[in-house]
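S.K.:
Numbering (the numbering used here), first residue to last: 2 to 357.
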């Protein structure tokens with residue numbers, strides 16, 4: 002549990018943009034916009050175009066920290082930078098997103114009040130950054146996080162997106178669901194006060210996944226406050242196939258376990274239930290010893306079927322039935338990754354971002 006801390010009252014308003022005169026005002030806070038990339042030619046151009054209007058109004062920079070893309074990502078960024086002097090391309094030799102943001106803050110963050118992290122595999126509303134700044138001003142938060150909505154383009158990506166948007170797929174995670182706004186312990190990273198980011202040591206660069214939740218844990222422990230806004234969200238484009246999706250969730254599970262190990266914590270109830278999935282299903286291998294050992298597998302399959310039915314009804318697409326089983330595979334991969342990391346030897350040293 003985070004330490005007790007005073008929380009300012011947040012006045013409920015129907016539209017904080019108009020309440021703060023956002024339509025007529027230009028932001029004055031200096032914002033460092035960081036876009037980590039690695040082979041993001043499909044989306045990076047649209048992300049840069051989408052933030053260009055905000056960058057013209059607000060003093061600051063747009064830094065694309067690239068981890069060595071082999072596609073057209075760097076060429077696209079070069080072309081955008083020639084047309085917009087606020088855009089910079091930064092080499093990120095460590096490749097990871099955590100290292101990308103840390104490096105950008107180290108080189109360009111000295112006079113920046115805020116860090117805005119944008120993931121290239123996503124799309125953002127035109128007023129995304131404006132709303133985040135208004136929310137930060139309105140609430141006094143040190144970090145404003147957002148919810149996300151997955152969106153697919155092709156048939157399989159749409160099936161995966163429906164799985165991620167469903168409660169069976171996301172488990173009711175706050176940053177997967179839109180709400181009215183709330184103080185939280187974690188959310189999808191967007192706006193972070195530079196002083197708070199530096200105060201806790203930035204991202205831990207040993208984390209390839211779950212680095213945002215790990216940073217949030219240190220932010221809360223240091224007394225910083227995180228506000229989940231309900232006024233805007235991002236659109237996330239998920240993996241396009243089952244194998245890369247399962248690899249991603251396997252790494253998510255490993256990252257969560259590393260987070261808990263680092264901070265000597267235990268998983269919450271929702272995480273514990275998912276973590277138990279892999280060992281429970283493994284009991285089916287012992288079915289020759291007793292038929293009841295197949296029960297967890299049967300219950301899992303029925304849950305996937307029921308979840309798929311609910312998704313199909315909600316989306317009005319028959320393919321939603323498949324989404325239920327995709328959600329089940331996501332949880333299974335997460336569970337395998339969790340145990341792979343939890344049972345691995347535990348080195349005593351940590352890297353950057355180790356302050357608690």
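Note that the Cβ used here is the ideal one computed from N, Cα and C, for glycine as well.
It should be emphasised that the depicted structure is a prediction, and the values quoted were computed from it without experimental measurement.
(1) Rounded to the nearest angstrom, what separates residue 45 and residue 123 at their Cα positions?
(2) Applying the criterion that 16 or more other CB atoms from any shown protein chain within 10 Å of the CB defines a buried residue, is residue 265 buried or exposed?
(3) Please report how far the alpha carbon of residue 346 lies from the alpha carbon of residue 276, in whole angstroms.
(4) Between 262, 281, 294 and 314, which lies nearest to residue 344 when the distance is taken from Cα to Cα?
(5) Counting Cβ pairs, one atom from each stretch, are 3 or more of them under 8 Å apart for the stretch 205-221 and the stretch 249-263?
(6) Please classify residue 270: is it buried, with 16 or more other beta-carbons within 10 angstroms of its beta-carbon, or exposed?
(7) For residue 103 and residue 204, I'd like the C-alpha separation in whole angstroms.
(8) Using the beta-carbon count (16 or more within 10 Å), is residue 225 buried or exposed?
(9) Check whether the stretch 158-170 touches the stretch 49-58, taking contact to mean three or more Cβ pairs, one atom from each stretch, closer than 8 Å.
(10) Applying the criterion that 16 or more other CB atoms from any shown protein chain within 10 Å of the CB defines a buried residue, is residue 189 buried or exposed?
(11) So, is residue 210 buried or exposed, given that buried needs 16 or more other C-beta atoms within 10 angstroms?
(12) Residue 187 by DSSP, collapsed to three states: which one?
(13) Expressed to the nearest angstrom, what Euclidean distance is found between the alpha-carbon atoms of residue 132 and residue 113?
(14) How far does the alpha helix (DSSP H) with residue 248 in it extend, from its first residue to its last?
(15) What is the residue span of the alpha helix (DSSP H) that residue 304 lies within?
(16) Thinking C-beta only, is residue 105 closer than 8 Å to residue 33?
(17) For residue 324, collect the residues of the same chain with a Cβ closer than 7 Å to its Cβ; drop the 5 residues on either side in sequence, then sort them by chain order.
(18) Looking at the unbroken alpha helix (DSSP H) that takes in residue 34, where does it start and where does it end?
(19) I'd like to confirm the pairing. Which residues does DSSP put opposite residue 161 in its beta bridges?
(20) Within the same chain, show all residues whose beta-carbon is closer than 7 Å to that of residue 90, passing over the 5 residues directly before and after it, in chain order.
(21) Would DSSP call residue 341 helix, strand or coil?
(22) According to DSSP, is residue 220 helix, strand or coil?
(23) Do residue 230 and residue 136 have their C-beta atoms closer together than 8 Å?
(24) According to DSSP, simplified to helix, strand and coil, what is residue 227?
(25) Can you tell me where the alpha helix (DSSP H) with residue 274 in it begins and where it stops?
(26) Jot down the residue ranges of each uninterrupted alpha helix (DSSP H) in the stretch 38-88, minimum 4 residues, whole runs only, in chain order.
M.R.: In terms of the structure at hand:
(1) 9 Å
(2) Around the CB of residue 265, fewer than 16 other CB atoms lie within 10 Å, so the residue is classed as exposed.
(3) 18 Å
(4) 262
(5) yes
(6) exposed
(7) Each residue's Cα considered, the two are about 7 Å apart.
(8) Flag for residue 225 reads buried.
(9) Between the stretch 158-170 and the stretch 49-58, the count of Cβ pairs shorter than 8 Å is below three; the stretches do not touch.
(10) buried
(11) buried
(12) coil
(13) 18 Å
(14) First-last of the alpha helix (DSSP H) with residue 248: 243-263.
(15) Where residue 304 is concerned, the enclosing alpha helix (DSSP H) starts and stops at 296-316.
(16) In this structure, the beta-carbon distance from residue 33 to residue 105 falls below 8 Å.
(17) 160, 163, 164, 167, 309 and 312
(18) For residue 34, there is no enclosing alpha helix (DSSP H); the enclosing beta strand (DSSP E) has its first and last residue at 32-38.
(19) Paired residues: none, contrary to the question.
(20) 65, 67, 75, 78, 79 and 82
(21) Three-state result, residue 341: helix.
(22) In the displayed model, residue 220 falls within a helix according to three-state DSSP.
(23) Result yes, Cβ atoms of residue 230 and residue 136 sit closer than 8 Å.
(24) strand
(25) 270-276
(26) List check, alpha helix (DSSP H) in window: 45-58 and 74-84.
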